[in-house]
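Enquirer: Here it is, the structure in full.
Residue numbers (the UniProt record's numbering): 1 to 1050.
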């Protein structure tokens, strides 16, 4: 019967009883009406009893009390034992003497028996048996039967054994906790039970409250049950967390304590105390077959690492992950939600925690987030990356992860939006190296498809900026949490190669100063790496470089910046470490070499270091040591040079010339080209020959590294680096004199001026030896542009552009000869015709250069000296005016000695001797041909001088000789020793050619008058060059002075 119908009957019964009391109907009629209702309502006795109890009071209070009570008593007598048992009426109605003590006592006994007396059960049967059967049914997971069928069985057990329904619900949750794998069955059963959300939440809350006591650990299965119920909206997430510990303040306090503990662990790891361990003769276990089997006396690296890990484990003992999850119930629920794929729900809880609290406290949480990311990118990775990573652990069964709340990535925009999850895990994604590698490869594929900007770097876009943030916040610092993963390091380098060095260095800087401090795990790794690096460098020497170098390489795979910072600090203090350190770097990856360049630049640019010694004003030893290290590293290893070269350029732009020392060391080590200063007379003589002679006889060292030279050439020829360096170095000479001289010691100013000039000569020699002439001529600006636009002095401008003129002359000369031959094929040209073609080509180049340079030359110079003389003087070199025959003979004699040594060598095989002999003979032949070509060229130049001897100097110019000395001779003599030799020999040639209006004695007289005041103002290299120039001139003048016949003859 429905509730509405029972309520209507109760009103009807109440109406009948009220009419009896009001004397409207007789008790007999009322009883008859109730009899009619009896058949249609089974609840009539219960309803009637309730009505009688309430109506009895109305009868006692009515106006006709006596009649009403009498009628009511008569009506109750008719009902008694007919509709309601008389015993029940006696204890409920006062009219039947219910208020008598005996009846009251009877009522008390009845209630005691019903509600308070403990029931006696047969423990082998009845209720315990019912719960046992219930547990058996539920633990079986339904045995495959539907939840509705199981619910029917549960109801049968409740009815048969009188089980408490609330307890049955609790037992169902307990069984769910024990059999979490049968999630769908238990969820369906609880829905059939129709348990109230608040009731379920309270039941689980009591369970969590039980584990609040000290020493009790919350089982993870309880988190799994809670997670499942939350996802099915059977309990409220916020309400259940109200039963969990710790509270918000406790979490904040724990987070601060964890950060403090991490700092303590990092500081402790920086120092390794191995003094209490006895020394042993150990041989590194990783030594390969090529090793000589060397042994090292001391504490082994493995022992030191074990000591460090043991000390760290003591400090981290209270941070055990299992203990954290069992005591921090909120964190355990977060872990269960993530592992179940409910990221949106887990995110609600994580957002209420401090930054990175969840992933710092539990690696399991970070791994669960990483697995979500991995499953999200899996299909997109298979579509975009051809080099797929296959899972080799085919026999390992993994539980599938629900990704209902994490959409799979289908585009680059989707990958960028994945940052909503990546920011929560940060660099800890490296704990899953497979997923980290897939992410790196995906971003690499993105930048391959991304269009390039004008400077060659990836074009800017919102997605590209997000990708860069992922690299900055997740990938690069994640390398510190990988376990010596060189493969991941190379994958990251493949990605970073798409970025210019400026962006890469920004990433490294943020890794060092931002992410290392922000993430305690990375800071702890940094401390461990620093401690082990100190141990390795203390034992690094020439004898142990192979074994210790391996350990140094392993440490660099984790946190290279820490290793390099300490390594560079030691090299700056102990320069005898440079060679062992360079040898030990052979185990580094490309990424680590790039980071090494960043660390070196950071050390060079450090504002805390003084580049000059306070005692004597010379360059500090640390700067010299770093420059030597840079040169040695770049020579031996394939390291990208763009960052270092641009650093030197930027320092020159800021008018800082000390870092030119680094560029000098790089060129000297990689190209084997030293400065001209300090060269021997034989070397200076060889520098006046052809390219092959300069390489063979003019080189300062016999060891050449062609690969290193090619790498340096490619680096300086990238963009405008070469031209920029040349111009900045040339400008720096003036900057040193007019800007830096006020704050530097005078001696150092002279040294810096010499260094600028010497470095320019080094760089120019390298470019001429390694760059094609047409490429060089195309890149270098014309002389007038260098003078007007870049404000270079004429000596530097002509030095840079001089190599471009001779190819132009030869090109025009060869073109004229070919045209002549095509017109007169049968006729052979004589020497006079060749000279005419050469003179025409030479005059064309000079006339064009005169037109270009005339606006650049001061008017007083044009007034005092013929412009053609000025131009001819500056475009010629020693190669053009004299053949260094003695240098060629020495070089050929040296080759013949080598041929004899090869022929007499007992070590070389016959085929190798033959091959070397052929090479040397070919080299001798090339030198002969080069000498011949130079002799022909010198003859043509001298013939040109002879042809213009009457026009080279012009009459009517009173200051012609003085202007020639001041604007041509002195600037070029002071530029370099080779230029000084050229100037002296040109003066001798002018004298020998009997050039009209060139008075040799007057020239020498004016020269000494002008030079004497300048000698005290010259730098060391300038003084050497001036001495060489004067020595050549004075030797000829002495010869003239020695004999009057000779004087009259010349």
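For glycine and all other residues, C-beta sits at the position ideal for the given N, C-alpha and C.
Please name the residue, chosen from 215, 177, 193, that lies closest to residue 226 on a Cα-to-Cα basis.
Expert: Translated into positions along the chain shown, residue 226 becomes position 226. Comparing Cα positions, the closest option is 177.
Enquirer: Can you list, in chain order, the residues of its chain whose CB lies under 7 Å from that of residue 109, leaving out five sequence neighbours each side?
Expert: Here residue 109 is taken as the residue at index 109 of the chain shown, counted from 1. Cβ within range, chain order: n/a, list empty.
Enquirer: Does the segment 428-448 come close enough to the segment 480-493 to have 3 or more Cβ pairs within less than 8 Å?
Expert: These segments touch.
Enquirer: Which term fits residue 57, buried or exposed, when burial requires 16 or more other beta carbons within 10 angstroms of its beta carbon?
Expert: The residue given as residue 57 occupies position 57 in the chain shown. Residue 57 is exposed by the Cβ-count criterion.
Enquirer: Is DSSP giving residue 435 helix, strand or coil here?
Expert: Here residue 435 corresponds to residue number 435 of the chain shown, with the count starting at 1. Of the three classes helix, strand and coil, the one that applies to residue 435 here is helix, per DSSP.
Enquirer: To the nearest angstrom, how far is the alpha carbon of residue 655 from that of residue 902?
Expert: Counting from one through the chain shown, the residue named residue 655 turns up at place 655. Counting from one through the chain shown, the residue named residue 902 turns up at place 902. Rounded to whole angstroms, residue 655 to residue 902 spans 52 Å at the Cα level.
Enquirer: For my contact list, residue 562 and residue 533 are in at a C-beta cut-off of 8 Å; report their separation, rounded to the angstrom.
Expert: For the purposes of this step, residue 562 is taken as residue 562 along the chain shown, with counting starting at 1. For the purposes of this step, residue 533 is taken as residue 533 along the chain shown, with counting starting at 1. Correct: roughly 7 Å between the Cβ atoms.
Enquirer: Which residues bound the alpha helix (DSSP H) around residue 179?
Expert: Position 179 of the chain shown, counted from the first residue, corresponds to residue 179. That residue, residue 179, is in no alpha helix (DSSP H); it is neither H nor E in DSSP.
Enquirer: Could you say if the segment 778-790 and the segment 757-766 meet the contact criterion of at least three C-beta pairs nearer than 8 Å?
Expert: No, the segment 778-790 does not touch the segment 757-766.
Enquirer: So residue 384 and residue 422 are supposed to be a Cβ contact under 8 Å. How far apart are they, rounded?
Expert: Taking the chain shown and counting its residues from 1, the one referred to as residue 384 is at position 384. Taking the chain shown and counting its residues from 1, the one referred to as residue 422 is at position 422. Going by Cβ atoms, the distance from residue 384 to residue 422 rounds to 18 Å, so no, they are not a contact pair.
Enquirer: Considering only residues of the same chain and omitting the five flanking positions on each side of residue 186, which have a CB-CB separation below 6 Å?
Expert: In the chain shown, the residue the question calls residue 186 occupies position 186. Correct list, in chain order: 176.
Enquirer: How about residue 481 and residue 529: do their beta carbons lie closer than 8 Å?
Expert: In the chain shown, counting from the first residue as 1, residue 481 sits at position 481. In the chain shown, counting from the first residue as 1, residue 529 sits at position 529. Going by C-beta atoms, residue 481 is not nearer than 8 Å to residue 529.
Enquirer: Quick check on DSSP: helix, strand or coil for residue 48?
Expert: Taking the first residue of the chain shown as position 1, residue 48 is located at position 48. Looking at residue 48 - three-state DSSP - the assignment turns out to be helix.
Enquirer: I'd like the span of the alpha helix (DSSP H) that includes residue 384, first residue to last.
Expert: Numbered from 1 along the chain shown, position 384 holds the residue referred to as residue 384. Segment 363-384, the alpha helix (DSSP H) holding residue 384.
Enquirer: Out of 512, 419, 460, 65, which has the shortest C-alpha to C-alpha gap to residue 498?
Expert: Here residue 498 corresponds to residue number 498 of the chain shown, with the count starting at 1. Of 512, 419, 460, 65, the residue nearest in Cα terms is 460.
Enquirer: Roughly how many whole angstroms lie between the Cα atoms of residue 667 and residue 675?
Expert: Your numbering for residue 667 matches position 667 in the chain shown. Your numbering for residue 675 matches position 675 in the chain shown. Cα-Cα distance, rounded: 10 Å.
Enquirer: Who are the Cβ neighbours of residue 1037 in its own chain at under 7 Å, not counting the five residues just before and after it?
Expert: Along the chain shown, one-based indexing puts residue 1037 at 1037. These residues qualify, in order along the chain: 1004.
Enquirer: Closer than 8 Å is the cut-off here; do at least three beta carbon pairs connect the segment 305-318 with the segment 337-351?
Expert: No, because fewer than three Cβ pairs between the segment 305-318 and the segment 337-351 fall closer than 8 Å, the two stretches do not touch.
Enquirer: Can you tell which of 935, 965, 791 has the C-alpha that lies nearest to the C-alpha of residue 874?
Expert: As a first step, residue 874 is located in the chain shown; it is residue number 874 there, counting from the start. Cα-wise, what sits closest to residue 874 is 965.
Enquirer: Please report how far the alpha carbon of residue 129 lies from the alpha carbon of residue 143, in whole angstroms.
Expert: Here residue 129 corresponds to residue number 129 of the chain shown, with the count starting at 1. Here residue 143 corresponds to residue number 143 of the chain shown, with the count starting at 1. Rounded to whole angstroms, residue 129 to residue 143 spans 20 Å at the Cα level.
Enquirer: Given a threshold of 16 other Cβ atoms within 10 Å of its Cβ, counted over all protein chains shown, does residue 840 qualify as buried or as exposed?
Expert: The residue given as residue 840 occupies position 840 in the chain shown. Exposed.
Enquirer: Would you be able to state if there are at least three C-beta pairs under 8 Å between the segment 72-92 and the segment 45-54?
Expert: The segment 45-54 is in contact with the segment 72-92.
Enquirer: Identify the continuous alpha helix (DSSP H) that holds residue 671 and give its terminal residues.
Expert: For the purposes of this step, residue 671 is identified with residue 671 of the chain shown, where counting begins at 1. Per DSSP, residue 671 belongs to the alpha helix (DSSP H) from 660-671.
Enquirer: Using a threshold of 8 Å, state whether the C-beta atoms of residue 673 and residue 593 are closer than that.
Expert: Taking the chain shown and counting its residues from 1, the one referred to as residue 673 is at position 673. Taking the chain shown and counting its residues from 1, the one referred to as residue 593 is at position 593. No; because the gap between Cβ atoms is not below 8 Å, this pair is not in contact.
Enquirer: Starting from residue 80, follow its DSSP beta bridges and name the residues at the other end.
Expert: Taking the first residue of the chain shown as 1, we reach residue 80 at position 80. DSSP, once it has assigned bridges, lists 84 as partnering residue 80.
Enquirer: Check this for me: beta carbons of residue 955 and residue 1029, under 8 Å apart or not?
Expert: Within the chain shown, residue 955 is the residue found at index 955, counting from 1. Within the chain shown, residue 1029 is the residue found at index 1029, counting from 1. No.
Enquirer: Where does residue 458 fall in DSSP's three states?
Expert: Locating residue 458 in the chain shown gives position 458, counting from the first residue. Residue state, collapsed to three classes: strand.
Enquirer: Looking at the structure shown, is residue 542 part of a helix, part of a strand, or coil, going by DSSP?
Expert: Stepping through the chain shown from its first residue, residue 542 is reached at position 542. Coil.
Enquirer: In whole angstroms, give me the CA-to-CA distance for residue 258 and residue 522.
Expert: Taking the first residue of the chain shown as position 1, residue 258 is located at position 258. Taking the first residue of the chain shown as position 1, residue 522 is located at position 522. Rounded to whole angstroms, residue 258 to residue 522 spans 14 Å at the Cα level.
Enquirer: Can you tell me the Cβ-Cβ gap for residue 582 and residue 633, rounded? I've got them flagged as a contact below 8 Å.
Expert: In the chain shown, counting from the first residue as 1, residue 582 sits at position 582. In the chain shown, counting from the first residue as 1, residue 633 sits at position 633. Yes, residue 582 and residue 633 are in contact; Cβ-Cβ is about 6 Å, under 8 Å.
Enquirer: Can you tell me whether residue 210 is buried or exposed? The criterion is at least 16 other CB atoms within 10 Å of its CB, across all chains shown.
Expert: Here residue 210 refers to the residue found at position 210 of the chain shown. Label assigned to residue 210: exposed.
Enquirer: Can you look up residue 612 in the DSSP assignment and give me helix, strand or coil?
Expert: The count along the chain shown starts at 1 and reaches residue 612 at position 612. If DSSP states are grouped into helix, strand and coil, residue 612 belongs with the strands.
Enquirer: Output the boundary residues of the alpha helix (DSSP H) element that contains residue 929.
Expert: Your numbering for residue 929 matches position 929 in the chain shown. Here the alpha helix (DSSP H) through residue 929 covers 910-947.
Enquirer: So what does DSSP say about residue 452, is it helix, strand or coil?
Expert: Residue mapping note: residue 452 aligns to position 452 of the chain shown, counting from 1. Strand, per DSSP.
Enquirer: Is residue 43 helix, strand or coil when you go by DSSP?
Expert: Here residue 43 refers to the residue found at position 43 of the chain shown. Looking at residue 43 - three-state DSSP - the assignment turns out to be coil, as it is neither helix nor strand.
Enquirer: If we call anything under 8 Å between Cβ atoms a contact, is residue 1083 one with residue 984?
Expert: Nothing can be reported for residue 1083: it is not among the residues displayed for the chain, which extend from 1 to 1050.
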